[in-house]
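Residue numbers (the working numbering): 1130 to 1496.
See below for the structure under consideration.
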Ligand code: SF4
Ligand code: FES
């Protein structure tokens, strides 16, 4: 693709920190987490936000780790808003009391997404490795009390899929405007823990039926979003809406990434905001251009009609499963590597783990 043909991105995922009070075993953050002293300073983030505006970005998502741990969150929110962006906060809810919500709202925050793990407090707390459910509930109520739109995000896996109905009822009771039912995507820590997280085919089918029933019942009242379980699908997701097509990520230490987990691809090097402008990185860097468009695709993607829908799937997944990011995503049933996914699902099914996620290796505490 010629540089002049590269479309502008519309969203920026600003990962402000990898520090986090929780230890979720499905975390997609990298195994090597950025340390506090490696994080970008406020001034650099403000410049990043200005460059994002100049590049055409109209949505800024502050994420992490736990972005509330950054004391400059209000200042960054205010700048993103001044720049005309829709500003969203993605948080665990830990540390989000009504005063903080109000400060963020006054700074210009448009919406908040709170993660929750289960409707049962004891299961939710075991998944994240500490008592947090009640704090999350209070955070959700504070968001509503301050009049901001509330999204609840629940990452689904073997240990909570059977509890989907109570989870939906809980979201309703908490007044959520939107509920994301996000089947685990296997990157980072989730990839490491995937044998224990992978649900059975039957579990997924039962949960999908519950989702459909309630999505219909709640139509017009609460939006339910079902993020397809990759390893159980026939075709891959249109990851990131296509590589270098609609969004970019800035990691806590300032790497410019086409997707949050792209750093795992060892033979790609990523530009840093310390030495590159966002515009130059977006248009000219090898990292953003390597898998842009359709020319890079191997068969069967190259001659497949679905390439306009899924853009050949996920490059990180291809890399993690085959060691080559340029191969067809093995989730696709037409990929010659599809057996890797099938075998993984089968092997996970045969494992009889008695343990619950609290006993799994979670994110190392670096706080
Ligand atoms: Fe998508 Fe490639 Fe599979 Fe076609 S062959 S469905 S483009 S991953
Ligand atoms: Fe990186 Fe899909 S997660 S391209």
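Beta carbons are placed, not taken as given, at the ideal position from N, Cα and C, and that holds for glycine.
For the alpha helix (DSSP H) containing residue 1339, name the first residue and the last one. 1330-1346
Can you determine whether any heavy atom of ligand 2 sits closer than 7 Å to the C-beta of residue 1430, and answer yes or no? no
Within 10 angstroms of the Cβ of residue 1242, are there 16 or more other Cβ atoms? Answer buried if so, exposed if not. With 16 or more other Cβ atoms within 10 Å, it is buried.
Please tell me whether, using a cut-off of 7 Å, the distance from the CB of residue 1425 to the nearest non-hydrogen atom of ligand 1 is below it. no
Give a single yes or no on whether residue 1128 has its beta carbon closer than 7 Å to a heavy atom of ligand 1. The shown model of the chain, from 1130 to 1496, leaves out residue 1128, and the question about it has no answer.
Hey, would you say the C-beta of residue 1390 is under 7 Å away from at least one heavy atom of ligand 2? yes
Contact set for residue 1429: own chain, Cβ-Cβ below 7 Å, skip 5 residues either direction: 1457, 1463
Residue 1438: buried (16+ other C-beta within 10 angstroms of its C-beta) or exposed? exposed
Relative to the alpha-carbon of residue 1199, which residue among 1341, 1361, 1436, 1147 has its alpha-carbon at the smallest distance? Ranking 1341, 1361, 1436, 1147 by Cα distance to residue 1199 puts 1147 first.
C-beta atoms of residue 1435 and residue 1361 nearer than 8 Å: no
So residue 1192 is in the beta strand (DSSP E); what residue range does that whole segment cover? 1188-1192
How big is the Cα-Cα spacing for residue 1259 and residue 1221? 12 Å
For ligand 2, is there a heavy atom less than 7 Å away from the beta-carbon of residue 1315? In terms of side-chain proximity, the C-beta atom of residue 1315 is found no nearer than 7 Å to any non-hydrogen atom of ligand 2.
Taking DSSP as the reference, what is the three-state secondary structure of residue 1219? DSSP, read as helix, strand or coil, puts residue 1219 in strand.
Since residue 1411 contacts residue 1184 with CB under 8 Å, what's their CB separation in whole angstroms? 6 Å
Which value, in whole angstroms, describes the spacing of the CA atoms of residue 1466 and residue 1451? Answer to the nearest angstrom: the Cα atoms are 8 Å apart.
Is residue 1462 a contact residue of ligand 3, with contact defined as CB to any heavy atom under 7 Å? Judged by which ligands are present, ligand 3 is missing from the structure shown, whose ligands are ligand 1 and ligand 2.
Where residue 1382 sits in the DSSP three-state scheme: Three-state DSSP puts residue 1382 in coil, outside helix and strand.
Roughly how far, in whole angstroms, is the beta-carbon of residue 1141 from the beta-carbon of residue 1381, given that I think they are within contact range, below 8 Å? Residue 1141 to residue 1381, Cβ: 14 Å. No contact.
Residue 1493 by DSSP, collapsed to three states: which one? Legend: pLDDT at residue 1493 = 36, less than 50; position of this residue unreliable, value from coordinates given subsequently. Note: residue 1493 maps to coil in three-state DSSP.
Could you check the C-alpha separation between residue 1408 and residue 1476 for me, to the nearest Å? Those two C-alpha atoms are separated by around 45 Å.
On the DSSP bridge assignment, give the partners of residue 1309 in chain order. Bridge partners of residue 1309: 1282, 1354.
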